[in-house]
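Report on one structure; see the data block that follows.
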Amino acid sequence: MNMRTLSCAIPAYPAPTLKKSSPPSFTLRSSSQLSVSINHQTDSPFVPEVVEAVELLGSEFRAVDNLVARNTTRVLKAFQRARVGSHNIDMCHNSISSPGLGLEFLSFNLEDIILIQHFAGCTGYGHDEVGGREALDQAFAEIVGAESAIVRSQFFSGTHAITCALFAFLRPGDELLAVAGAPYDTLEEVIGKRDSHGIGSLKDFGVKYREVPLAEDGGLNWDKLSRALKPDTKCAFIQRSRGYSWRRSLSVHEIGRAIEMIKREFLSLQQMQNPNCLVMVDNCYGEFVESIEPPYVGADLIAGSLIKNPGGTIAPCGGYVAGKEVWVKAAAARLSAPGLGVDCGSTPGDIMRSFFQGLFLSPQMVGEAIKGTLLIAEVMASKGYRVEPLPRVPRHDTVQAVELKTRERLLAFCEAVQRSSPIGSFTKPVPGTTPGYASEVIFADGTFIDGSTSELSCDGPLRDPYAVYCQGGTHWIQWGLVLGETRHGDPLGFVLRTCQFALLALSGCPPTFCISCTDAAGCRDHALDQLNVHGTVKMSSLSNMLEARPRDTCHGHTNSRTRRMSHGCVYIKHREETPLTCLIEEKWPRNPSQGLEVKSPLRGASRSRPSRGLKAEASLTVSRPRPHSGVSTSRPLIEGLEAKTFIGRP
2 MNMRTLSCAI
12 PAYPAPTLKK
22 SSPPSFTLRS
32 SSQLSVSINH
42 QTDSPFVPEV
52 VEAVELLGSE
62 FRAVDNLVAR
72 NTTRVLKAFQ
82 RARVGSHNID
92 MCHNSISSPG
102 LGLEFLSFNL
112 EDIILIQHFA
122 GCTGYGHDEV
132 GGREALDQAF
142 AEIVGAESAI
152 VRSQFFSGTH
162 AITCALFAFL
172 RPGDELLAVA
182 GAPYDTLEEV
192 IGKRDSHGIG
202 SLKDFGVKYR
212 EVPLAEDGGL
222 NWDKLSRALK
232 PDTKCAFIQR
242 SRGYSWRRSL
252 SVHEIGRAIE
262 MIKREFLSLQ
272 QMQNPNCLVM
282 VDNCYGEFVE
292 SIEPPYVGAD
302 LIAGSLIKNP
312 GGTIAPCGGY
322 VAGKEVWVKA
332 AAARLSAPGL
342 GVDCGSTPGD
352 IMRSFFQGLF
362 LSPQMVGEAI
372 KGTLLIAEVM
382 ASKGYRVEPL
392 PRVPRHDTVQ
402 AVELKTRERL
412 LAFCEAVQRS
422 SPIGSFTKPV
432 PGTTPGYASE
442 VIFADGTFID
452 GSTSELSCDG
462 PLRDPYAVYC
472 QGGTHWIQWG
482 LVLGETRHGD
492 PLGFVLRTCQ
502 FALLALSGCP
512 PTFCISCTDA
522 AGCRDHALDQ
532 LNVHGTVKMS
542 SLSNMLEARP
552 RDTCHGHTNS
562 RTRRMSHGCV
572 YIKHREETPL
582 TCLIEEKWPR
592 NPSQGLEVKS
602 PLRGASRSRP
612 SRGLKAEASL
622 TVSRPRPHSG
632 VSTSRPLIEG
642 LEAKTFIGRP
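Residues in the sequence shown are numbered consecutively from 2, following the numbering used here.
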């Protein structure tokens, strides 16, 4: 489950003090490009890195707008053909023509009138449902290019829908072949790759399983795939999105090529007792990212979640299975029971309206999510982080992965996203065990729909390489604000920069001093430019500077908590922000030439409230021995700088 800590006494992340200022100046150049006038007298909502990235991404944003237009047209036509309406009337009638008037009159009995209310809910068995399910299934099937579809609130999640599809295909003795490497974590127990303790995995039912490893570039291994199928391979499973693997997501074109190879493989081997290997595609995060879906290129079934792309941030629950009609019915039987069909099950309340509206809005919402991934990749790559997909390349899902390398950076990133969310911004996400996942996972999802990854959210497993997976957002501006979180005192995207400033200063300044950060935005991790005898550390980025002064000249910044600490306590003040306390304990080696190790244990922590202060940990290697007092005038060399941070209020 998602876990958070909440303090009733003091908010984990207090709102910044509001200050009167002139409104920012915006110039809207087109629907896909926002120009922000930068004025030192104006409080711009974006940091310079975001403004620059948006300017560079103008053509990519326009391409996304064109994609949204194509997909919206496709959805609109499907709704029109399904005659979606809130109060339609269909009737059986007899035609009576009047030759003299050339008119046709209609006569009908009241019992022949059929009232269609597609948005109406139903209860109990759902037998009195009046057309909403049928219209939604029809529209959805047409949108994704399938013969049939079942879109239901009874699917708990995308994993549930995928499981129903797999059980529709597979029987004891069959083999499931994953052609895109290891599947997503939550499917491991479904398949039996991870022990399900005998509660009903595919392995428990006698279904065998194999994987085709990915190629070195993270794509499909075409050579191995061409030789991978066996006579008892009943189903080939293709995961379109990257999941929690550092790999490329798959385009519909690549999926089509794989399907062609899979089907041709069986024909070439002339396995007439099993002429067709069925293809199942996990379509999560892939809907509306391209102008066609996998059924267009031969997928037998696709499945996904409505609280991802096709729910348009509005659907409160549910999932779907779409594809060949015979297999959709088989999946529906797994969801319910054999013989019940698809025309049963209640949809209480206003859920149907949410499903229709969310589906109609989903191309636009997906477009904004794609723009968000482009922006994240552009900004984070410019800061030296490894990203997948790379900046400015075509997207095939709505997920942007950023490799953060350390547990602390992953936690810090997720905390900052949570603070930037409209819901639960005052809470702090913490990692925990979640059903279906082998590793601890942290989620940042201040969303209106619990767990909705079509809204602004990110998550990641706490395992190497400690990558964060970002997705969703109702507008790319949300990610622009997240990446500019430096304005509120905690540099997010430029994770841990404040902590790194302190460590850089510690490497050459007196052990106790006050640090004032004049502009935290834009500084690079290893941007130490020079260090002089006065303790001023200048960063190589534009006019970004740290000023270090002995603690006795802190001009009132120190408090009783700081004074009680031994040397090594520093005070960090962000411009226009409440000062934050950094508690650092220095551990000097016997031989200073071996380097300076700086560590900070977290102090004042409790289970019920977030800890105050900034936690830092790093190993620094300097160029020459340094005395315990005073500052060397030589320029230090700093290697292997890493920092771990927690920022709160003193």
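For every residue, glycine included, the Cβ atom is placed at its ideal position computed from N, Cα and C.
Item: Nearest-angstrom Cα separation, counted from L412 out to S567; Value: Because the pLDDT of S567 is 29, which lies under 50, any placement of that residue in the model is unreliable, and the question is left without a value.
Item: Where Q139 falls: helix, strand or coil (DSSP); Value: helix
Item: Whole-angstrom C-beta distance between I163 and L188, which should lie under 8 Å; Value: 7 Å
Item: CB of T73 within 8 Å of CB of Q365, strictly; Value: yes
Item: Length of the line joining the Cα atoms of L375 and S383; Value: 12 Å
Item: Straight-line gap, P349 to Q118 (C-alpha atoms, nearest Å); Value: 14 Å
Item: Among R464, V76 and Q419, nearest to T434 - alpha-carbon criterion; Value: R464
Item: For I303 and G146, the rounded distance between their alpha carbons; Value: 11 Å
Item: Contact check, P466 vs E409, beta carbons under 8 Å; Value: no
Item: Spatially closest choice to Y126 from A181, S337 and A150, by CA coordinates; Value: S337
Item: Contacts around D129, its chain only, beta-carbon distance under 8 Å, and the 5 residues preceding and following it disregarded; Value: C123
Item: Alpha-carbon to alpha-carbon, I151 and M281; Value: 15 Å
Item: Per-residue burial, Q419 [other beta carbons within 10 Å of its own, 16 or more giving buried]; Value: buried
Item: Same chain only: Cβ atoms within 6 Å of K209, ignoring 5 sequence neighbours per side; Value: E176
Item: Residue from A181, P184, Q155 and V191 with nearest C-alpha to R171; Value: A small correction: the amino acid at residue 171 is Leu; Arg does not occupy that position in the sequence shown. Out of A181, P184, Q155 and V191, V191 has the C-alpha closest to the C-alpha of L171.
Item: Alpha-carbon spacing of L279 relative to V52, whole angstroms; Value: 47 Å
Item: CB of L360 within 8 Å of CB of G313, strictly; Value: yes
Item: Integer-rounded CB distance, given that G447 should sit under 8 Å from P423; Value: 6 Å
Item: Cβ distance (whole Å) where P214 is taken to contact G182 below 8 Å; Value: 6 Å
Item: CA-to-CA distance, I308 to S242, given in whole angstroms; Value: 16 Å
Item: Beta-carbon proximity check, A54 vs E379, cutoff 8 Å; Value: yes
Item: Chain-order list of residues whose beta-carbon lies under 6 Å from that of T407 (same chain, five-residue window excluded); Value: Y467
Item: Residue from R153, R82 and G385 whose Cα sits closest to the Cα of I352; Value: R153
Item: Entirely enclosed beta strand (DSSP E) segments - the region 369–419, minimum 3 residues; Value: 387–389 and 400–404
Item: Residues bridged to G342 [DSSP beta-bridge criterion]; Value: G342 is not bridged to any residue.
Item: CB contact flag (E389, W247, <8 Å); Value: yes
Item: Ordered list of alpha helix (DSSP H) runs contained in the region 113–184, each at least 4 residues; Value: 133–145 and 159–170
Item: Delimiting residues of the alpha helix (DSSP H) encompassing L221; Value: Element bounds for L221: n/a, residue is neither H nor E.
Item: Start-to-end residues for the beta strand (DSSP E) that takes in L239; Value: According to the sequence as given, residue 239 is Ile; it is not Leu. Element bounds for I239: T234 to Q240.
Item: Exposure of L230, with buried meaning 16 or more beta-carbon neighbours within 10 Å; Value: buried
Item: Selected residue, minimal CA-CA separation from R396, among E416, N222, S292 and R335; Value: S292
Item: Strand pairing of V469, partner residues [DSSP]; Value: V403
Item: Reference R393, options H161, E56, V48 and S45, closest by Cα; Value: E56
Item: Residue burial classification, D460 (beta-carbon count within 10 angstroms, cutoff 16); Value: buried
Item: Endpoints, beta strand (DSSP E) assigned at A323; Value: G320 to G324
Item: Backbone secondary structure at V431 - three-state DSSP; Value: strand
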